[in-house]
Amino acid sequence: MGGFVLKADGIEPFPLNAKQLHWLVMNRHVEYPAITTAEIWDKSKQDGIAKVITSVQIAYLIVECIGRATQGLAITTLELNTLAIVTCTLMTAFAWLHKPADVRTPFFVSTSKHIRDIIGTRSWRNTPLDFIDENGPGWSMNVQPFMRMPVIPSQRPIQRIPNDRFPMNPYGAQEYCVCFATLLFTGLHIAGWNFAFPSQLERILWRVTSLILFGVTAAFWALETMASDEVWLISSPV
Numbered sequence: 001m002g003g004f005v006l007k008a009d010g011i012e013p014f015p016l017n018a019k020q021l022h023w024l025v026m027n028r029h030v031e032y033p034a035i036t037t038a039e040i041w042d043k044s045k046q047d048g049i050a051k052v053i054t055s056v057q058i059a060y061l062i063v064e065c066i067g068r069a070t071q072g073l074a075i076t077t078l079e080l081n082t083l084a085i086v087t088c089t090l091m092t093a094f095a096w097l098h099k100p101a102d103v104r105t106p107f108f109v110s111t112s113k114h115i116r117d118i119i120g121t122r123s124w125r126n127t128p129l130d131f132i133d134e135n136g137p138g139w140s141m142n143v144q145p146f147m148r149m150p151v152i153p154s155q156r157p158i159q160r161i162p163n164d165r166f167p168m169n170p171y172g173a174q175e176y177c178v179c180f181a182t183l184l185f186t187g188l189h190i191a192g193w194n195f196a197f198p199s200q201l202e203r204i205l206w207r208v209t210s211l212i213l214f215g216v217t218a219a220f221w222a223l224e225t226m227a228s229d230e231v232w233l234i235s236s237p238v
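Under the UniProt record's numbering, think of the first position of the sequence shown as 1, with each following residue one higher.
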């Protein structure tokens, strides 16, 4: 990610996230970018026809599997696994309906100020605006250093914002939709409980792994909900 890039004296251009851009605008370091919706979509490399074709193919597979199941016809475990994947793909396509795809050229935001006039003497790891938002918590920012597997940026400042950031307290419809999608993905594997397998051992392995997959997913959402509630209670004013 990195749709907006800051140009300032004393440093190479680097990408901005939403909080950093907002801070720069509010503190009058840069002007608010005057960008139209048409300019944003002009950078997308994927048109509506390709999305429609992909969605039709996915919908055909889903309808075909449902039709065969209602008629008592066989469905292979490979088809069942593919069905689980494409179902999530369809949901992802809906969530990304208004997201331009494969954008390679960013919008540049310029300032006449030197970078030292903006950040002072603050130290930084990825970009000079880390003090506003470090793009965390995330896998490469927090988890890997905790596991003693730190990722050293190949270039400083970084030229691309990692997309491994964890969502913070996604309450409401967002949380429910993601919870439903993940449970549906794991639950579809349990639908193969009575499928025909070459051996009894393979049947047992499929059942055990399907239950583990569903159980781990359900446990994750239970723990995530409790952790989010605890964070909310701690951060709420008394």
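Every residue gets a Cβ at the ideal spot worked out from N, C-alpha and C, and that includes glycine.
On a Cα-Cα basis, can you pick out the residue from Phe185, Phe94, Ala74 that is closest to Thr54? Phe94
Among Gly192, Phe214, Pro128, the one whose alpha carbon lies nearest that of Ala23: Reading off the sequence shown, one finds Trp at residue 23, where the question assumed Ala. It is Pro128.
Work out the CA separation of Leu73 and Thr87 for me, nearest whole Å. 20 Å
Counting only runs that start and end within the segment 89 to 159, where is the alpha helix (DSSP H) found for 4 or more residues in a row? 115 to 119
Taking the CB atoms as reference points, tell me whether Phe108 and Phe14 lie closer together than 9 Å. no
Which value, in whole angstroms, describes the spacing of the CA atoms of Ala219 and Leu201? 27 Å
In terms of residue numbering, what span does the alpha helix (DSSP H) encompassing Leu188 cover? 173 to 190
By alpha-carbon positions, which one of Pro100, Thr70, Ala84, Asp117 ends up nearest to Arg28? Asp117
Contact under 9 Å by Cβ, Leu188 with Trp221: no
Whose C-alpha, out of Met91, Thr105, Ala59, Thr77, is nearest the C-alpha of Lys43? Thr105
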